[in-house]
Amino acid sequence: MKVKGLHPHLEREREEKVVICMPCRILFPSTFILSLLAERSISYGLGCGSVSVIVYGDQEKPALITYPDVALNHMSCFQGLFFCPEAASLLLHNFCIYHISPPGHELGAAAICSENPVLSVDDLTDQIVEVLNYFGLGAVMCMGVIAGAYILTLFAIKHRERVLGLILVSPLCRAPFWTEWFYNKVMSNLLYFYGMCGVLKEFLLHRYFSKEVRGSVDVPESDIAQACRRLLDERQSMNVWRFLQAIDGRPDITDGLKTLKCRTLIFVGDDSPFHSEALHMTAKLDRRFSALVEVQACGSMVTEEQPHAMLIPMEFFLMGYGLYRPNQFNGSPRSPLSPSCIAPELLSPESMGLKLKPIKTRIASKIQKK
1 MKVKGLHPHL EREREEKVVI CMPCRILFPS TFILSLLAER SISYGLGCGS VSVIVYGDQE
61 KPALITYPDV ALNHMSCFQG LFFCPEAASL LLHNFCIYHI SPPGHELGAA AICSENPVLS
121 VDDLTDQIVE VLNYFGLGAV MCMGVIAGAY ILTLFAIKHR ERVLGLILVS PLCRAPFWTE
181 WFYNKVMSNL LYFYGMCGVL KEFLLHRYFS KEVRGSVDVP ESDIAQACRR LLDERQSMNV
241 WRFLQAIDGR PDITDGLKTL KCRTLIFVGD DSPFHSEALH MTAKLDRRFS ALVEVQACGS
301 MVTEEQPHAM LIPMEFFLMG YGLYRPNQFN GSPRSPLSPS CIAPELLSPE SMGLKLKPIK
361 TRIASKIQKK
């Protein structure tokens, strides 16, 4: 998959450390022009610390909130998905996007004062409630990646009336097992004593991407991994340490999954270190309201590594809410997925509007055959 560089508008934002708070136009191929895309950066104090929110789109539309993984923000975690024209048309046509950053993970963030307490995962979910109240939002669609997926799932368990549905990428739901616990402890020590050093970046890239993207002695590192390295350089190491501490101390929320009645769509890469977590979570959710999509030859961050693999499953998922892509993108030839890749059961109308059953995408093999 060819990975594009940063969009010029966001490159400008990254270099100047400011957000351009004005309407802007993002140009994709001539069939797709977003002329009403507005970007606003809002940072304000809350009862349990400050939080930064990036808002894209028409605030009269239903809200979709996003939450990234450790050491990431909306640029490094969701750029691939939202700059995929077909996915952008689907999401921005139907939603106003609210990108919530973990404390101190936003662009140009200063180091959080060492005297401030380290927030727990419950504190972070309380921040989400305050964000929704600040914008006057009711029930929202949620999209989270790895640690962000855990935070949004916990939020959905605690505030079921505020969640329309969950789109989770390589989600966590149990307390860390010893392997993750060990990795987290090593990363915590590296962050605390050495900052965002090269060894730490290797640990994080292993967490995010497949081996193919990370490269090897014989295969060069991909553009997407190189771009992620550059963005990691901008993180304040102690801010990342704080978020990692919260996630490392997370409780098991498996029992709470049984109380969820919102529709849930889970993506996970076959090469993700959290693949077993996604399978466990899917097994515990009500099968009438949930689906698992396993993406071959992909790591944890499907949003960046294979965003096109998310398109058609999301389309069918959102059809259950009466949401569709604009007509000019229906049947787009750019997506490597085709209806033949989707299990027939996915199309049967049931309680979800369109029933989603566990399926596997066969992207790599189909591309090679063509």
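Count the sequence shown with UniProt numbering and you get residues 1 to 370, in order. Where a beta carbon is used, it is the ideal one built from N, C-alpha and C, also for glycine.
Roughly how many whole angstroms lie between the Cα atoms of residue i and residue j?
| i | j | result |
| --- | --- | --- |
| V240 | E221 | 24 angstroms |
| C142 | I157 | 12 angstroms |
| L168 | R174 | 15 angstroms |
| I189 | G136 | Residue identity check: residue 189 is Asn in the sequence provided, not Ile. Their backbone Cα atoms lie some 40 angstroms apart in a straight line. |
| Y183 | M75 | 25 angstroms |
| L90 | E115 | 43 angstroms |
| V163 | L279 | 22 angstroms |
| L124 | G104 | 12 angstroms |
| E277 | F267 | 11 angstroms |
| Q245 | G138 | 30 angstroms |
| residue 371 | A88 | No information on residue 371 is available, as it lies outside the stretch 1 to 370 that the chain covers here. |
| F78 | Y192 | 27 angstroms |
| E294 | P313 | 11 angstroms |
| H159 | E130 | 12 angstroms |
| A227 | K211 | 16 angstroms |
| P176 | G144 | 18 angstroms |
| S216 | V199 | 15 angstroms |
| A291 | D122 | 26 angstroms |
| F289 | Y324 | 19 angstroms |
| G322 | V219 | 44 angstroms |
| L172 | M281 | 8 angstroms |
| E161 | M187 | 36 angstroms |
| S50 | R287 | 37 angstroms |
| E234 | L285 | 37 angstroms |
Please classify residue i: is it buried, with 16 or more other beta-carbons within 10 angstroms of its beta-carbon, or exposed?
| i | result |
| --- | --- |
| E315 | buried |
| P117 | exposed |
| P251 | exposed |
| S197 | At residue 197 the sequence reads Cys, which differs from the Ser that was named. Under this definition C197 is an exposed residue. |
| S170 | buried |
| G57 | buried |
| T259 | exposed |
| D126 | buried |
| A283 | exposed |
| A309 | buried |
| G320 | buried |
| S35 | Note that S35 scores a pLDDT of 31, beneath 50, so its modelled location is shaky and nothing firm can be said. |
| L337 | Note that L337 scores 36 on pLDDT, short of 50, meaning its location in the model is unreliable; the coordinates nonetheless yield the value given after this. Classification of L337: buried, given that the 10 Å Cβ count is 16 or more. |
Let me check understanding here. Comparing Cα to Cα, which of the options lies closest to residue i?
| i | options | result |
| --- | --- | --- |
| C113 | V186, I253, R242 | R242 |
| Q59 | Y98, G249, A110, V302 | Y98 |
| Y150 | C298, L257, A283 | L257 |
| R214 | A110, E304, Y321 | E304 |
| H93 | D122, K61, I224, C77 | K61 |
| R230 | V217, L205, M301 | L205 |
| M301 | M187, D218, S272 | S272 |
CB residue i to CB residue j, shorter than 8 angstroms?
| i | j | result |
| --- | --- | --- |
| L166 | C84 | no |
| P326 | L81 | no |
| A297 | D270 | yes |
| W178 | D248 | no |
| G148 | P68 | yes |
| S101 | S52 | yes |
| F95 | I128 | no |
| F203 | G299 | no |
| E106 | N73 | yes |
| V140 | I54 | no |
| A71 | Q236 | no |
| F274 | I146 | yes |
| A111 | M238 | yes |
Using a beta-carbon distance below 8 angstroms, is residue i in contact with chain C?
| i | result |
| --- | --- |
| D271 | Considering every chain present, this structure includes no chain C. It has just one protein chain. |
Can you tell me the Cβ-Cβ gap for residue i and residue j, rounded? I've got them flagged as a contact below 8 angstroms.
| i | j | result |
| --- | --- | --- |
| K185 | L232 | About 19 angstroms; that fails the 8 angstroms criterion. |
| E86 | L311 | 5 angstroms |
| T153 | I224 | Not really, about 26 angstroms apart at Cβ, beyond 8 angstroms. |
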